[in-house]
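A.B. asks: Before we start, here is the structure in question, set down as structure tokens.
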Amino acid sequence: MSGINAAVVNVKTKGAKADGKTDDGQVILNAWKEACGGPPPSSVLIPPGTYLVFPILMGGPCKGPIEIKATGATLKAPPELKIFKTVNTWITFLNIDRLSINGGTFDGQGHDSWRNKECPRCQRPVNIGFSSVRNSLIKNITSVSSKYFHLAIGDSRNIRIENITIHAPENSRNTDGIHIGRINDVNITNSIIKTGDDCISFGDGSKNIRVENVTCGPGHGISVGSLGKYPNEAPVKGIWIKNCTLTGTQNGVRIKSWPDSTSTTVSDIHFEDIVMERVGNPIIIDQEYCPGHTCKKGGPSSRVKISNVSFRKIRGTSTTKVALKLACSAGFPCENIELADINLTYQGPGGGPVTSKCDNVKPNVVGQVVPAACSGGPVHPRI
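Counting in this note's numbering, the sequence shown runs from 185 upward without gaps.
Next up, the structure:
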């Protein structure tokens, strides 16, 4: 961003110590307020260094476009959970139009919090949260060791996420890479996500989302849902996942909803050109999703209606013999599910072929599909 009278606020000149020990959060927040209220386009410059940052909220509206430039900088959250007793996010961006974040490492220092022994009643905070943010760009950032989700974006629209890296150990609890919900128009591209939960998850109200050239793993895969747990969930519609690679994940591409759920819909979901490397459950619709197995057996089926979903050009290796599982709702069967040009092989103990399992769905098969789909729907040769 540039402008003759643009406000450029350097946090170092405003008093930030960047020694990794002194809380620089208030200095960064003061710099934000000055830039936000200054002549647009404005920017906050965080020079290289290590900054300890206690929880902050950077709010708008600002007078115009605003950018945070943090290339070479590392921001560290305090490791103690007790500091987050009254907040659920470490760094929050709220009610901003035309925000740009370029560069920087955001270290949640979450290792102790994953065990959650020091403060059992404390909530674990999201690393970076965005709410009511519009027409914005997040690029070239690294998020590591978040105490909870790394990026959470809600009630927003027209967001681009480019060239980001997310990392947390495979055994870190609930460290979803990017979670979005109640949001319209998001593009996530050219990124690497290694974490202990879903690499990317889409909550209710997610619409018009495109994910391309993302590497995922370890983690729990790329998931639509879980859905149907809470009242008044908004429909999910228009999600395209393309040209992605999943390595060593518990699941591949997945749609999941709770049994005995509230009513909502999932439609127009497309997974295409996906490489699976040693992935469990590479293709899965799970409408009996119940982590912890606390749901009543034989209870009402999911009331989430899934339709117009395609799995195309998916290839690689599965660590589970059932590589294709479509467990749809008995009360609201899946409709118009397409399987096209799929080639999966089993790589695990005992060897043997991969298999498929389908309930309450008659998928349409196009071209060659391995494992052979539990069809019942039409089979269309590739022309």
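Cβ coordinates follow ideal geometry from the N, Cα and C atoms, glycine included.
Give the secondary structure of Ala514 by DSSP, where H, G and I count as helix, E and B as strand, and everything else as coil.
C.D. replies: What you label residue 514 is simply residue 330 of the sequence shown in a count that begins at 1. DSSP places Ala514 in coil when its eight states are reduced to three.
A.B. asks: Measuring CB atoms only, is the stretch 431-441 touching the stretch 456-468, in the sense that at least three cross pairs come out at less than 8 angstroms?
C.D. replies: Because the criterion of three Cβ pairs below 8 angstroms is met, the stretch 431-441 and the stretch 456-468 touch.
A.B. asks: Ignoring anything shorter than 4 residues, give me the alpha helix (DSSP H) runs that lie fully in the stretch 278-320, in order along the chain.
C.D. replies: Counting only runs of 4 or more, we get 295-299.
A.B. asks: Taking Leu321 as the reference, give the member of Gly294, Phe268, Pro249 with the closest Cα.
C.D. replies: As a working mapping, residue 321 is identified with position 137 in the sequence shown. Considering only alpha carbons, the answer is Pro249.
A.B. asks: For Glu346 versus Thr379, is the C-beta distance shorter than 8 angstroms?
C.D. replies: The residue labelled residue 346 in the question sits at position 162 within the sequence shown. The residue labelled residue 379 in the question sits at position 195 within the sequence shown. Contact: no.
A.B. asks: Helix, strand or coil for Gly432, going by three-state DSSP, please let me know.
C.D. replies: In the sequence shown, residue 432 corresponds to position 248, counting from 1. The answer is coil: DSSP assigns Gly432 none of H, G, I, E or B.
A.B. asks: Under the assumption that Asn492 contacts Cys512 (Cβ atoms under 8 angstroms), give the Cβ distance between them as a whole number of angstroms.
C.D. replies: The residue labelled residue 492 in the question sits at position 308 within the sequence shown. The residue labelled residue 512 in the question sits at position 328 within the sequence shown. In fact, because the Cβ distance is near 13 angstroms, the residues do not count as touching under 8 angstroms.
A.B. asks: Would you mind reading off the limits of the alpha helix (DSSP H) that contains Ile393?
C.D. replies: As a first step, residue 393 is located in the sequence shown; it is residue number 209 there, counting from the start. Careful: Ile393 lies outside any alpha helix (DSSP H), inside the beta strand (DSSP E) at 390-400.
A.B. asks: My output table needs one value for Gln210: the three-state DSSP class, helix, strand or coil.
C.D. replies: Your numbering for residue 210 matches position 26 in the sequence shown. Helix at Gln210.
A.B. asks: Classify Trp216 as helix, strand or coil using the three-state DSSP reduction.
C.D. replies: Position 32 of the sequence shown holds residue 216. It is helical.
A.B. asks: Does the beta-carbon distance from Thr289 to Tyr332 come in below 8 angstroms?
C.D. replies: Within the sequence shown, numbered from 1, the residue matching residue 289 stands at position 105. Within the sequence shown, numbered from 1, the residue matching residue 332 stands at position 148. Not closer than 8 angstroms, so no.
A.B. asks: Whole angstroms is fine: what's the gap from Ser375's alpha carbon to Pro419's?
C.D. replies: Taking the first residue of the sequence shown as position 1, residue 375 is located at position 191. Taking the first residue of the sequence shown as position 1, residue 419 is located at position 235. Taking the straight line from one Cα to the other gives about 27 angstroms.
A.B. asks: Mind checking whether Asp208 and Leu241 have CB atoms under 8 angstroms apart?
C.D. replies: Indexing the sequence shown from 1 puts residue 208 at position 24. Indexing the sequence shown from 1 puts residue 241 at position 57. No, these two residues do not count as a Cβ contact at 8 angstroms.
A.B. asks: Could you name the residues of the same chain whose beta carbon sits closer than 7 angstroms to that of Lys198, not counting the 5 residues immediately before and after it, in chain order?
C.D. replies: For the purposes of this step, residue 198 is taken as residue 14 along the sequence shown, with counting starting at 1. Excluding sequence neighbours, Lys198 sits near Val211, Asn214, Ala215.
A.B. asks: State buried or exposed for Ala191, treating a residue as buried only when at least 16 other CB atoms are found within 10 Å of its CB.
C.D. replies: Locating residue 191 in the sequence shown gives position 7, counting from the first residue. Flag for Ala191 reads buried.
A.B. asks: Leaving out five residues before and five after Asn527 in sequence, what residues of the same chain have Cβ atoms less than 6 angstroms from its Cβ?
C.D. replies: The residue given as residue 527 occupies position 343 in the sequence shown. Answer for Asn527: Arg499, Val554, listed in chain order.
A.B. asks: Candidates Asn392, Ile312, Ile521: which alpha carbon is nearest Leu335's?
C.D. replies: Counting from 1 along the sequence shown, the entry for residue 335 is found at position 151. Comparing Cα-Cα distances from Leu335 to each of Asn392, Ile312, Ile521, the minimum goes to Ile312.
A.B. asks: Let me know if His295 comes out buried or exposed under the rule of 16 or more other beta-carbons within 10 Å of its beta-carbon.
C.D. replies: Here residue 295 refers to the residue found at position 111 when the sequence shown is read from its first residue. Label assigned to His295: exposed.
A.B. asks: Once you ignore the five residues that flank Ile393 on each side, which residues in its own chain have a CB closer than 6 angstroms to its CB?
C.D. replies: Position 209 of the sequence shown, counted from the first residue, corresponds to residue 393. Excluding sequence neighbours, Ile393 sits near Val370, Ile423.
A.B. asks: On the DSSP bridge assignment, give the partners of Ser226 in chain order.
C.D. replies: Position 42 of the sequence shown, counted from the first residue, corresponds to residue 226. Paired residues: Ile250.
A.B. asks: What's the gap between the Cα of Glu456 and the Cα of Thr429?
C.D. replies: Numbered from its first residue, the sequence shown carries residue 456 at position 272. Numbered from its first residue, the sequence shown carries residue 429 at position 245. Rounded to the nearest angstrom, the two C-alpha atoms are 11 angstroms apart.
A.B. asks: For my contact list, Ile350 and Gly361 are in at a C-beta cut-off of 8 angstroms; report their separation, rounded to the angstrom.
C.D. replies: One-based indexing of the sequence shown puts residue 350 at position 166. One-based indexing of the sequence shown puts residue 361 at position 177. 4 angstroms between Cβ atoms; contact.
A.B. asks: So what's Ile325 in DSSP terms, helix, strand or just coil?
C.D. replies: Here residue 325 corresponds to residue number 141 of the sequence shown, with the count starting at 1. Reduced to three states, the DSSP call for Ile325 is coil.
A.B. asks: Val450 lies in the beta strand (DSSP E); which residues open and close that run?
C.D. replies: Numbered from its first residue, the sequence shown carries residue 450 at position 266. Element bounds for Val450: 448-463.
A.B. asks: On the CB-based measure, 16 or more other CB atoms within 10 Å of its CB, does Lys269 come out buried or exposed?
C.D. replies: As a working note, residue 269 is residue 85 in the sequence shown. With fewer than 16 Cβ atoms within 10 Å of its Cβ, Lys269 is classed as exposed.
A.B. asks: Please list the terminal residues of the continuous beta strand (DSSP E) segment that includes Ser375.
C.D. replies: Within the sequence shown, the letter at position 191 stands for residue 375. That run of the beta strand (DSSP E) goes 362-378.
A.B. asks: Nearest by alpha-carbon distance to Ser226: which of Glu519, Pro245, Gly233 is it?
C.D. replies: Position 42 of the sequence shown holds residue 226. Of Glu519, Pro245, Gly233, the residue nearest in Cα terms is Pro245.
A.B. asks: On the DSSP bridge list, what partners appear for Ala556?
C.D. replies: Taking the first residue of the sequence shown as 1, we reach residue 556 at position 372. None; Ala556 has no bridge partner.
A.B. asks: Closest to Ser445 by C-alpha separation, out of Ser485, Ile458, Asp452, would be which residue?
C.D. replies: For the purposes of this step, residue 445 is taken as the residue at position 261 of the sequence shown. Out of Ser485, Ile458, Asp452, Ser485 has the C-alpha closest to the C-alpha of Ser445.
A.B. asks: Less than 6 angstroms between C-beta atoms, sequence neighbours within five positions excluded: which residues of the same chain meet that for Ile521?
C.D. replies: Counting from 1 along the sequence shown, the entry for residue 521 is found at position 337. Contacts found: Val493, Val545, Pro547.
A.B. asks: For the stretch 503-549, which segments carrying the beta strand (DSSP E) assignment without a break, of at least 3 residues, lie completely within its bounds, in sequence order?
C.D. replies: Correct list: 506-511, 519-530, 539-543.
A.B. asks: Pull up the CB-CB distance for Ile348 and Ile384, whole angstroms please, since I reckon it's below 8 angstroms.
C.D. replies: Numbered from 1 along the sequence shown, position 164 holds the residue referred to as residue 348. Numbered from 1 along the sequence shown, position 200 holds the residue referred to as residue 384. Not really, about 11 angstroms apart at Cβ, beyond 8 angstroms.
A.B. asks: Would you identify the three-state DSSP class for Lys198, choosing helix, strand or coil?
C.D. replies: Translated into the one-based positions of the sequence shown, residue 198 becomes position 14. Coil.
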